[in-house]
Amino acid sequence: MIILPAIDIKDNKCVRLSQGDFNKMKIYSLDPLEMALKWQNEGATYLHLVDLDGSKDENLVNQKSIEDIIKGVNIPVQIGGGIRSERKVKRLLELGASRVILGTIAVENIELLDRLISIYGNDKIVVSIDAKNGKVATRGWRVISEIDSLVLCKRLEEIGVKTIVYTDISKDGMLEGPNFSIYKKLKKKTNLNIIASGGISFMEDIRILKEMDLYGAIIGKAFYDNLLTFKEVMKCLK
Numbered sequence: 038m039i040i041l042p043a044i045d046i047k048d049n050k051c052v053r054l055s056q057g058d059f060n061k062m063k064i065y066s067l068d069p070l071e072m073a074l075k076w077q078n079e080g081a082t083y084l085h086l087v088d089l090d091g092s093k094d095e096n097l098v099n100q101k102s103i104e105d106i107i108k109g110v111n112i113p114v115q116i117g118g119g120i121r122s123e124r125k126v127k128r129l130l131e132l133g134a135s136r137v138i139l140g141t142i143a144v145e146n147i148e149l150l151d152r153l154i155s156i157y158g159n160d161k162i163v164v165s166i167d168a169k170n171g172k173v174a175t176r177g178w179r180v181i182s183e184i185d186s187l188v189l190c191k192r193l194e195e196i197g198v199k200t201i202v203y204t205d206i207s208k209d210g211m212l213e214g215p216n217f218s219i220y221k222k223l224k225k226k227t228n229l230n231i232i233a234s235g236g237i238s239f240m241e242d243i244r245i246l247k248e249m250d251l252y253g254a255i256i257g258k259a260f261y262d263n264l265l266t267f268k269e270v271m272k273c274l275k
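For what it's worth, my numbering labels the leading residue of the sequence shown as 38, then goes sequentially.
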């Protein structure tokens, strides 16, 4: 299982939100590249970037930070946050992103998702499933649909999606542990590469996710608030 430290960027600063709420934002660094290098130096093999402004603005407000990180580290970087057009996918891949993470268009425009997979391949296109009480959320978590998240995941697998990031948004940034039950269901009912996200806070969380044989886990707030260290997490995975 790979561990992906999260770097959430807003106004070219490294921040964290609680449950996606911009009113509950904490700034951790004024230099996202410095943070990226810290994770790389500690042994990270993959980084997870989120362009928080992207969910509200089609323009790349944080392009400088994104470019600096991609060029400044020598490990792959996946990026998500408001990527809803082919133009933006192309732009981010041209900047050097290893993978782009699509969320809203997987729900609102599955035909475009299908097209993007056919153009760029399913190694470059990851789908983010954000859910609350099992229902899919879109538009930067502002809209909760009636779509069952498990049903959507099966549909995505059918059209060729290989990897998903699944976030229970009720857990995100709350340091209460992840939603293990949904990951068990996904492992049982799909063959997707599953990246767990949201609420991972304790070593026991890491042990359970490892035993479930998930593809990866994204850790954010627990690292930034020093509840977990990268070194101890990696030791747990050996």
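We put the beta carbon where it would ideally sit given N, CA and C, even for glycine.
Note that the region 197 to 204 touches the region 229 to 241; at least 3 beta-carbon pairs, one per stretch, sit closer than 8 Å. For Lys63, the pairing in a beta bridge is given by DSSP as Arg53. The C-beta distance from Ile120 to Ile147 rounds to 15 Å, too long to fall under 8 Å, and the pair is not in contact. Taking all protein chains in view, the Cβ of Leu67 is surrounded by fewer than 16 other Cβ atoms within 10 Å, so the residue is classified as exposed. The three-state secondary structure of Pro42, taken from DSSP, is strand.
The closest CA to that of Ile103, considering only Ile166, Leu86 and Asn96, is found on Leu86. The bridge partners DSSP lists for Ser122 come to none.
Beyond the five residues adjoining it in sequence on each side, Gly197 comes within less than 6 Å, by CB distance, of Ile154 and Asn159 in the same chain, given in chain order.
Listed as beta-bridge partners of Ala168 by DSSP are Val173 and Asp205. DSSP places Leu251 outside both helix and strand once states are collapsed to three, so it counts as coil. In this structure, Asn49 lies near Asn99, with their beta-carbon atoms less than 8 Å apart. Rounded to whole angstroms, the gap between the alpha carbons of Asn228 and Thr266 is 30 Å. A direct Cα-to-Cα measurement between Lys226 and Asp90 gives close to 34 Å. Contiguous beta strand (DSSP E) elements confined to the region 220 to 245 occur at 230 to 234, taking only those with 3 or more residues.
Each residue's CA atom was taken as its position, placing Leu41 and Ala254 some 6 Å apart. Boundaries for Val180: no alpha helix (DSSP H) harbours it, while the beta strand (DSSP E) harbouring it runs Val180 to Asp185, taken from the DSSP string.
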